[in-house]
Amino acid sequence: MSSSLTIIVAMDAHRGIGIRNTLPWHLPEDLAHFKRTTSGHPIIMGRKTFDSIGRALPNRRNIVITRNPDWRHDGVESAPSLAAAAAMVGAAEAFIIGGAEIYAAAQAMAERMIVTEIAQSFDCDAFFPPFDRQQWQEVSRENHHSAANGLDYAFVVYQRR
Numbered sequence: 241m242s243s244s245l246t247i248i249v250a251m252d253a254h255r256g257i258g259i260r261n262t263l264p265w266h267l268p269e270d271l272a273h274f275k276r277t278t279s280g281h282p283i284i285m286g287r288k289t290f291d292s293i294g295r296a297l298p299n300r301r302n303i304v305i306t307r308n309p310d311w312r313h314d315g316v317e318s319a320p321s322l323a324a325a326a327a328m329v330g331a332a333e334a335f336i337i338g339g340a341e342i343y344a345a346a347q348a349m350a351e352r353m354i355v356t357e358i359a360q361s362f363d364c365d366a367f368f369p370p371f372d373r374q375q376w377q378e379v380s381r382e383n384h385h386s387a388a389n390g391l392d393y394a395f396v397v398y399q400r401r
């Protein structure tokens, strides 16, 4: 049985997701949402995303996609491709957590996207790839305002049509 892949991403108003391998915003509510949503599930990421986090995330099976067959890190499994990583998780729901190259590859395979849409633009050098809204249906939206920094944002779930 194939895995169920869900993309989870926070992006700004222009689909920006990062700058110099870091998040360009501080949104504690989104970090808590990410932790709640992915806890107990496998997470799949590219090596640069893993490097930006710097450690295996607890209570999750961490799988890093890397072209380097010798790459190793404690508490982390590696895979040479997104397809190989998906095969490793079997029937489990797994979350694709970045970066841009992995998101682009995952769009054709994912069944669901959980997107934190931040209603502001930031200086970014990495972007979430455009997605065909004909292929994705918005199934839920929760609008929020961050007390921590005044940002307006929404947690949006898209399901593949």
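If you read the sequence shown in the working numbering, its first letter stands for residue 241, the second for the next number, and so on.
Just so you know, even glycine gets a beta-carbon here, dropped at the ideal spot from N, CA and C.
> Going by other Cβ atoms of all chains shown within 10 Å of its Cβ, with 16 needed for buried, is Gln375 buried or exposed?
Replying inline: exposed
>> I'd like to confirm the pairing. Which residues does DSSP put opposite Asn389 in its beta bridges?
In response: Answer is none; Asn389 lacks a bridge partner.
>> Quick test of your reading: Glu317 and Ser244, contact by CB under 8 angstroms. State the CB separation rounded to the nearest angstrom.
In response: Going by Cβ atoms, the distance from Glu317 to Ser244 rounds to 18 angstroms, so no, they are not a contact pair.
> Closest to Ala325 by CA distance: which of Ala250, Ile283, Lys288, Ala340 is it?
Replying inline: Ile283
> How close, in whole Å, do the beta carbons of Arg287 and Thr306 come, if the pair is a contact with beta carbons under 8 angstroms?
Replying inline: 4 angstroms
>> Please identify the residue among Arg301, Ala319, Ile336, Asn299 whose C-alpha is closest to the C-alpha of Asn308.
In response: Ala319
> Which value, in whole angstroms, describes the spacing of the CA atoms of Gly330 and Ala323?
Replying inline: Going from the Cα of Gly330 to the Cα of Ala323 covers about 11 angstroms.
> Hey, Arg277 and Ile248 are a contact pair by Cβ (cut 8 angstroms); roughly how many whole angstroms apart?
Replying inline: According to the sequence displayed, residue 277 carries Thr and not Arg. Between Ile248 and Thr277 the Cβ distance is about 6 angstroms, and since that is below 8 angstroms, they are a contact.
>> Starting from Ala334, trace the alpha helix (DSSP H) in both directions and tell me its first and last residue.
In response: Counting along the chain, Ala334 falls outside any alpha helix (DSSP H), though it belongs to the beta strand (DSSP E) covering 333 to 336.
> Just to confirm, does Ile337 get its C-beta within under 8 angstroms of one of the non-hydrogen atoms of the ligand ATP?
Replying inline: Questions concerning the ligand ATP fall outside what the structure shown contains, since it holds no ligand whatsoever.
>> Let me check understanding here. Comparing Cα to Cα, which of Asp365, Ala348, Ile336 lies closest to Val355?
In response: For the residues Asp365, Ala348, Ile336, the minimum Cα distance to Val355 belongs to Ile336.
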